[in-house]
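Asks: Chains as they are written, first to last, in the numbering used here: chain X, 190 to 367; chain V, 190 to 367. Glycine is no exception: its CB is placed at the ideal position from the N, C-alpha and C atoms. The structure displayed is predicted, hence computed values, not measured ones. Sharing a structure, written as structure tokens. Questions coming.
Number of protein chains: 2
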Amino acid sequence: MAKSDTAERILDIAEKAARTGGYNAFSFREIAAEIGIKSASVHYHFPTKEALGEALAKRYSDHFFSVLGDPQGAEPAELLKRYVAAYGAALKQDGLMCLCGVFGAEIADLPPPVASATRAFFERNLEWLQQVHNRQGLAPDAAEQAAAHMIAALEGAMILARAMGNAALFDAAVAGLS
Amino acid sequence: MAKSDTAERILDIAEKAARTGGYNAFSFREIAAEIGIKSASVHYHFPTKEALGEALAKRYSDHFFSVLGDPQGAEPAELLKRYVAAYGAALKQDGLMCLCGVFGAEIADLPPPVASATRAFFERNLEWLQQVHNRQGLAPDAAEQAAAHMIAALEGAMILARAMGNAALFDAAVAGLS
DNA sequence: ATTCTCCTATCTATCAGTAGGTAGATAGAT
DNA sequence: ATCTATCTACCTACTGATAGATAGGAGAAT
């Protein structure tokens, strides 16, 4: 196995906590307790908290884009529907925020490697969406605007829906997007 | 004076920290140190952290809506421009996130009174916008959708712009809104 | 086969730092 | 005298992190 089972479990537990309450919401002790090991053993897999945070953001980003697939693949309209659905699934299936949305909100207080991995997530989002919008015939400027707008609306819709405790608000907020 | 000068300074410092890194980013000790008093003295003005957090969200909300004014006042189009500008100012003048945007992202981990005050902010936003959209002739359902969409896009645009370290992305993301 | 060596993954025990919070004293103003 | 706002001094709980020990398995050398 490339990554040990324990390392994956650490990431799973940390991700859930981070997507609930941000970077300060997961701790080595709590993760360890949930797995049934000692906090020192968590440090064996991830030497520092920022290393764990960085791994978290990278894994989240990779999973996210593996779901979306190639922006040059399926029909643009289908890809955009898939994109909106991916955010909706994160909210409704997991019942959690987008990891990088939470990290993005507190980015100025994150350790540089974590902030950087978070930035990379949004950078990849912008690129992916711009490619899809280009295929729809939008000019580069318009494609960038449309991409930024979609990301913003989706991240914000998650916050709004969670803050109000009303998942239907997510759908209302993104109704016109795809 | 209704609120002592010290209490206002406490709120100012806490707000800045919270809008940078969330609820866990401000502490009684740091606030006290910045003012030049002891942390026990901060507890005199706000007995608990959740009381401070609640006061923070309420003051932020009140300031915000006092800037916006009466939704039945100026022309709807003008009000919407003002609404978008209020978010833009929070980002560009203060260089910070929307307080309730940050709190909203981590709402599931906030003490109930803070979560409640955060929810109230979004509730007020929805109501204010719905009134304005109603005046523009939108049906109730469409007005609610439009309101949710605007809030989402603006909160998300702040996150995106800050995460990417590029304030122009905010403008790009909200270009079509008002 | 047995022994030696190395690696993985965990443990115990501990550290310094910081968190929020409290009790009780005190100086100064009303 | 009382109230306001601060102080000193302390508590318990938790944070991330480290040092050093240990058990068990894998592979190589004898």
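With a threshold of 8 Å on Cβ separation, who are the neighbours of Ala191 (chain V) within its own chain once the five nearest residues in sequence on each side are excluded?
Replies: With a pLDDT of 45 at Ala191 (chain V), under the threshold of 50, the modelled position of that residue is not reliable, and the figure given next carries that caveat. Within the same chain, Ala191 (chain V) has no close Cβ partners at all.
Asks: Of all Cβ atoms in chain V, is any one closer than 7 Å to the Cβ of Ala191 (chain X)?
Replies: Low local confidence applies: a pLDDT of 46 at Ala191 (chain X) is under 50, so the model's placement there is unreliable, with the coordinate-based value given in what follows. Chain V contact via Cβ: absent.
Asks: Just tell me which of X:Asp298, X:Ile224, X:Ser228, X:Ser216 has its CA closest to the CA of Asp194 (chain X).
Replies: X:Ile224
Asks: Within 10 angstroms of the Cβ of Phe217 (chain V), are there 16 or more other Cβ atoms? Answer buried if so, exposed if not.
Replies: buried
Asks: Which chain V residues are close to Asn323 (chain X), counting only those with a beta carbon under 8 Å from its beta carbon?
Replies: Per Cβ cutoff of 8 Å: no residues; Asn323 (chain X) is ~15 Å from chain V at best.
Asks: Going straight from the alpha carbon of Ile199 (chain X) to that of Tyr249 (chain X), what length do you get?
Replies: 13 Å
Asks: Could you compute how far the alpha carbon of Ile348 (chain X) sits from the alpha carbon of Ala279 (chain X)?
Replies: 12 Å
Asks: Quick check on DSSP: helix, strand or coil for Val227 (chain X)?
Replies: Per the sequence shown, the amino acid found at residue 227 (chain X) is Lys instead of Val. Lys227 (chain X): coil per DSSP, three-state reduction.
Asks: Which word fits His252 (chain X), buried or exposed, when buried means at least 16 other C-beta atoms lie within 10 angstroms of its C-beta?
Replies: exposed
Asks: Pull out every residue of the stretch 326-359 of chain X whose Cβ sits closer than 7 Å to any Cβ of chain V, in chain order.
Replies: Glu333, Gln334, Ala337, His338, Ile340, Ala341, Ala342, Leu343, Glu344, Gly345, Ala346, Ile348, Leu349, Arg351, Ala352, Met353, Leu358
Asks: Taking the beta carbon of Tyr233 (chain X) as the centre, do at least 16 other beta carbons fall within 10 Å, making it buried, or is it exposed?
Replies: Counting C-beta atoms within 10 angstroms of its own C-beta, Tyr233 (chain X) has fewer than 16 neighbours from the protein chains shown and is therefore classed as exposed.
Asks: Measuring only between beta-carbons, confirm whether Thr195 (chain V) sits less than 7 Å from chain X.
Replies: no
Asks: Chain V beta carbons: is any one of them nearer than 7 Å to that of Asp259 (chain X)?
Replies: Not an interface residue.
Asks: Tell me which residues of the stretch 284-310 of chain V have at least one Cβ-Cβ distance to chain X shorter than 7 Å, keeping chain order.
Replies: Met286, Gly290, Val291, Gly293, Ala294, Glu295, Ile296, Ala297, Asp298, Thr307, Arg308
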